[in-house]
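Colleague: Submitted below is the structure of interest, expressed as structure tokens.
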Ligand SMILES: NC(=O)c1ccc[n+]([C@@H]2O[C@H](COP(=O)([O-])OP(=O)(O)OC[C@H]3O[C@@H](n4cnc5c(N)ncnc54)[C@H](O)[C@@H]3O)[C@@H](O)[C@H]2O)c1
Ligand SMILES: NC(=O)c1ccc[n+]([C@@H]2O[C@H](COP(=O)([O-])OP(=O)(O)OC[C@H]3O[C@@H](n4cnc5c(N)ncnc54)[C@H](O)[C@@H]3O)[C@@H](O)[C@H]2O)c1
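Protein chains in written order, with this note's numbering: chain A, 730 to 1004; chain B, 2 to 246.
Laid out in structure tokens, this is it:
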């Protein structure tokens, strides 16, 4: 399955015209698809990733799809690097309108075996990667009179998940739950500045990251593929279109929300009444 | 440019005014043909839309009316792809004044209607293996106000029904989601004291009184192809009012 496979879809042209968008983790999976889609929708897109090989692949896809991406190798959890990346993008493109916090990582270990350093490292990879870019763009969004921040959380932040094989999620779930809480609070603080902040909680999405886990364990594959109500797993484009909606002015009155893109996985297992 | 709702038949209840009217106009702009259902004649909305609109005067709280609506959709278009269950009532009454009649009527219009719409229109959606239900709940379920116990029961009920229905129809390519508005400036709220509305929107992150058009982008999204991996969800469109995770 190619991650650039297009399943939808409606017209995208012009939906982000004139906007400058920053996207983290564009070297793979969902972030890559988001960067390409936002550029097709008319945004000026600056993307970063820690992985230079991934960035090369994304650049090649951009060329094939005939869109421009402004790519840089930056670790979203490195405060100084992120600050200079954001300053540079804002200076070259005249400001920032959209931040899409997608790049993240985790140690998946059953709780009994999880070390404190794995816990700390996971919270850095899941939470610092959201805090640091948000902090760096905040003054630019205020200067612009507003903007939209989209944080990628996960249904793992909304519901417990069984431990399959050696893949426990205590630290990951805590980080993603934190992303949802951070989103709600930042939305409340951003309102007076015209800044909207929303989360997306993807369910099972077929990406290089999830494929690696699924391929390693038939039990995990069964769980992963059996989660959605709809009879298929998610694709990066499914999340990307939700991201386009939340980044654009079509959702101008939505803030503090957590939009779950999970094929109904949470409706099936019945967690809290609202995201 | 192609439009996101070309070829779709979209039914909107309570389309005669307020939020329902704004939704119907938006879906027509996106190239859907719209069926306007309202207890009062939705002629004014139909006139604003033009030839893409078909009007049906019906009380959505009655099962037999839905049989008539579905028959009309089938006879006129041979299909119905999208249903927006928007018609709703919100009479306030504190528990000591809440009559059995008000309780039953609120549940009938705000909740029974959603069941009837599914009962009569899921078969039409199944024919084409594609469908969208968007049911209007309310952000007030997370920010309770006095005098609304019956209303909140109905709007919480909407979310329960959305989740249940999403389970039953997923295999047919039908998604079901709820949208939660905050207090919105509509004919239905125009008689409420302004300080009441303000006391609500002041608590939002976006501090202004919501308008029907705030709802149309989200409903366009949820009824489009773009949202086809989203089902069983409740999306607040409330300027950040909803407070309970
Ligand atoms: N795939 C799923 O099933 C799934 C489900 C729920 C949530 N998510 C979330 O979606 C997001 C994207 O995941 P994906 O599945 O596309 O993963 P992926 O591994 O395919 O892509 C993630 C990309 O982010 C980059 N990245 C990681 N940490 C970074 C950092 N500190 N700075 C810059 N770049 C960094 C990686 O190098 C990689 O290119 C993540 O936040 C993930 O937790 C994924
Ligand atoms: N306006 C708000 O503050 C607000 C806030 C949250 C949720 N909502 C919900 O949004 C929806 C629309 O509200 P509104 O403010 O636009 O209402 P409104 O009163 O302005 O308009 C409602 C329309 O629905 C029609 N209707 C009522 N009962 C009907 C029935 N039994 N059968 C057919 N049509 C019927 C009415 O004739 C009217 O045209 C309702 O479900 C309401 O509960 C409104």
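Quick reminder that beta carbons are idealized off the backbone N, C-alpha and C, glycines included.
Because the structure is a prediction, the values reported are computed rather than measured.
Would residue 233 of chain B pass as an interface residue toward chain A - the criterion being a Cβ-Cβ separation below 7 Å?
Modeller: By 1-based counting over the second chain, the position of residue 233 of chain B is 232. By this cut-off, residue 233 of chain B is an interface position.
Colleague: Can you give me the start and stop residues for the alpha helix (DSSP H) that residue 28 of chain B sits inside?
Modeller: Here residue 28 of chain B refers to the residue found at position 27 of the second chain. From DSSP, the alpha helix (DSSP H) with residue 28 of chain B extends over 19–30.
Colleague: Taking only beta-carbon atoms, is residue 983 of chain A less than 7 Å away from chain B?
Modeller: If you number the first chain from 1, residue 983 of chain A lands on position 254. At a cut-off of 7 Å between beta-carbon atoms, residue 983 of chain A makes contact with chain B.
Colleague: What does the alpha-carbon distance come out to for the pair residue 759 of chain A and residue 96 of chain B?
Modeller: The residue given as residue 759 of chain A occupies position 30 in the first chain. The residue given as residue 96 of chain B occupies position 95 in the second chain. Each residue's Cα considered, the two are about 49 Å apart.
Colleague: Give the C-beta separation of residue 87 of chain B and residue 36 of chain B to the nearest angstrom, bearing in mind that I take them to be a contact with Cβ-Cβ under 8 Å.
Modeller: Position 86 of the second chain, counted from the start, is the residue given in the question as residue 87 of chain B. Position 35 of the second chain, counted from the start, is the residue given in the question as residue 36 of chain B. At roughly 13 Å, the Cβ-Cβ gap does not stay under 8 Å, so residue 87 of chain B and residue 36 of chain B are not in contact.
Colleague: Which residues in the same chain have their Cβ closer than 6 Å to the Cβ of residue 916 of chain A, if we skip the five residues on either side of it in sequence?
Modeller: Locating residue 916 of chain A in the first chain gives position 187, counting from the first residue. The answer, listed in chain order, is 926, 984 and 985.
Colleague: Would the region 888–907 of chain A count as touching the region 834–841 of chain A if we require 3 or more Cβ pairs under 8 Å?
Modeller: yes
Colleague: Residue 215 of chain B touches chain A at which residues, Cβ-Cβ below 9 Å?
Modeller: Locating residue 215 of chain B in the second chain gives position 214, counting from the first residue. Those are 981, 982 and 983, listed as they occur along chain A.
Colleague: Does the distance between the C-beta of residue 187 of chain B and the nearest non-hydrogen atom of ligand 2 fall short of 6 Å?
Modeller: Taking the first residue of the second chain as 1, we reach residue 187 of chain B at position 186. It does: the Cβ of residue 187 of chain B is within 6 Å (strictly closer) of some heavy atom of ligand 2.
Colleague: The alpha helix (DSSP H) spanning residue 925 of chain A covers which residue range?
Modeller: The residue labelled residue 925 of chain A in the question sits at position 196 within the first chain. Premise fails: residue 925 of chain A lies in the beta strand (DSSP E), 924–931, not in any alpha helix (DSSP H).
Colleague: Given a cut-off of 7 Å, decide if residue 130 of chain B and residue 996 of chain A are closer than it, judged by their beta-carbon atoms.
Modeller: Within the first chain, residue 996 of chain A is the residue found at index 267, counting from 1. Within the second chain, residue 130 of chain B is the residue found at index 129, counting from 1. Taking 7 Å as the cut-off, the Cβ atoms of residue 996 of chain A and residue 130 of chain B do not count as close.
Colleague: Could you check what DSSP says for residue 934 of chain A in three-state terms: helix, strand or coil?
Modeller: By one-based count along the first chain, residue 934 of chain A stands at place 205. The answer is strand: DSSP assigns residue 934 of chain A an E or B state.
Colleague: Between residue 31 of chain B and residue 790 of chain A, what straight-line distance do the alpha-carbon atoms span, to the nearest angstrom?
Modeller: Looking up residue 31 of chain B in the second chain gives position 30. Looking up residue 790 of chain A in the first chain gives position 61. About 30 Å.
Colleague: Would you check if the region 147–157 of chain B and the region 106–121 of chain B touch, i.e. whether three or more CB-CB distances between them fall below 8 Å?
Modeller: yes
Colleague: First and last residue of the alpha helix (DSSP H) that includes residue 913 of chain A?
Modeller: Within the first chain, the letter at position 184 stands for residue 913 of chain A. Note, residue 913 of chain A: alpha helix (DSSP H), 899–919.
Colleague: Using DSSP's beta-bridge definition, name the partner residues of residue 773 of chain A.
Modeller: What you label residue 773 of chain A is simply residue 44 of the first chain in a count that begins at 1. Partner(s): A:749.
Colleague: Please check if any C-beta of chain A sits within less than 7 Å of the C-beta of residue 230 of chain B.
Modeller: Stepping through the second chain from its first residue, residue 230 of chain B is reached at position 229. Yes, residue 230 of chain B counts as interfacial toward chain A.
Colleague: Looking at ligand 2, does it come within less than 6 Å of residue 105 of chain B, judged from the CB to the closest heavy atom?
Modeller: Within the second chain, residue 105 of chain B is the residue found at index 104, counting from 1. Incorrect: residue 105 of chain B has no Cβ contact closer than 6 Å to ligand 2.
Colleague: Give a yes or no on whether 7 Å exceeds the smallest Cβ distance from residue 30 of chain B to chain A.
Modeller: Taking the second chain and counting its residues from 1, one reaches residue 30 of chain B at position 29. It does not: the Cβ of residue 30 of chain B has no partner Cβ on chain A nearer than 7 Å.
Colleague: Anything in the region 149–163 of chain B with a Cβ closer than 9 Å to a Cβ of chain A? List those residues in chain order, please.
Modeller: 157, 160, 161 and 163
Colleague: Note down, in chain order, all residues in the region 188–219 of chain B with a beta-carbon under 8 Å from any beta-carbon belonging to chain A.
Modeller: Residues of the region 188–219 of chain B with a C-beta less than 8 Å from any C-beta of chain A: 205, 206, 207, 208, 211, 215, 216, 218 and 219, listed in chain order.
Colleague: Mind pulling the chain A residues with CB within less than 9 Å of residue 135 of chain B?
Modeller: As a working note, residue 135 of chain B is residue 134 in the second chain. In chain order: nothing, as chain A lies at least about 14 Å away.
Colleague: Among the candidates B:34, B:51 and B:56, whose CA atom is the shortest distance from the CA of residue 42 of chain B?
Modeller: For the purposes of this step, residue 42 of chain B is identified with residue 41 of the second chain, where counting begins at 1. With distances taken between Cα atoms, residue 42 of chain B lies closest to B:56.
Colleague: In angstroms, rounded to a whole number, what distance separates the CA positions of residue 12 of chain B and residue 962 of chain A?
Modeller: Residue 12 of chain B sits at position 11 when you count from the first residue of the second chain. Residue 962 of chain A sits at position 233 when you count from the first residue of the first chain. In a straight line, the C-alpha of residue 12 of chain B is about 29 Å away from that of residue 962 of chain A.
Colleague: Counting only beta-carbon separations shorter than 7 Å, does residue 222 of chain B have a partner in chain A?
Modeller: The sequence position of residue 222 of chain B within the second chain is 221, counting from 1. It does: the Cβ of residue 222 of chain B has a partner Cβ on chain A nearer than 7 Å.
Colleague: How long is the line joining the alpha carbons of residue 119 of chain B and residue 920 of chain A, rounded to whole angstroms?
Modeller: For the purposes of this step, residue 119 of chain B is taken as residue 118 along the second chain, with counting starting at 1. For the purposes of this step, residue 920 of chain A is taken as residue 191 along the first chain, with counting starting at 1. About 37 Å.
Colleague: Give the residues from the region 25–55 of chain B that approach chain A closer than 8 Å (Cβ to any Cβ), ordered along the chain.
Modeller: Flagged: no residues at all.
Colleague: Return yes when the Cβ of residue 832 of chain A is within less than 7 Å of the Cβ of residue 936 of chain A, no when it is not.
Modeller: Counting from one through the first chain, the residue named residue 936 of chain A turns up at place 207. Counting from one through the first chain, the residue named residue 832 of chain A turns up at place 103. Taking 7 Å as the Cβ cut-off, residue 936 of chain A and residue 832 of chain A do not qualify as a contacting pair.
Colleague: Run through the DSSP bridge pairs and tell me what residue 795 of chain A is partnered with.
Modeller: Taking the first residue of the first chain as position 1, residue 795 of chain A is located at position 66. Residue 795 of chain A is not bridged to any residue.
Colleague: For residue 145 of chain B, decide whether its Cβ has a neighbour in chain A, counting only Cβ atoms nearer than 7 Å.
Modeller: As a first step, residue 145 of chain B must be located in the second chain, where it is residue number 144. Answer no: the Cβ-Cβ gap between residue 145 of chain B and chain A never drops below 7 Å.
Colleague: Could you tell me which chain A residues have their CB closer than 9 Å to the CB of residue 168 of chain B, listed as they occur along the chain?
Modeller: Within the second chain, the letter at position 167 stands for residue 168 of chain B. Near residue 168 of chain B (Cβ distances below 9 Å), the residues of chain A are 958, 993, 996 and 997.
Colleague: Within the chosen definition, does the region 201–216 of chain B reach the region 948–956 of chain A through at least 3 CB pairs nearer than 8 Å?
Modeller: no
Colleague: Name, please, each residue of chain B whose Cβ falls closer than 7 Å to the Cβ of residue 917 of chain A.
Modeller: Here residue 917 of chain A is taken as the residue at index 188 of the first chain, counted from 1. The answer, in chain order, is 206 and 241.
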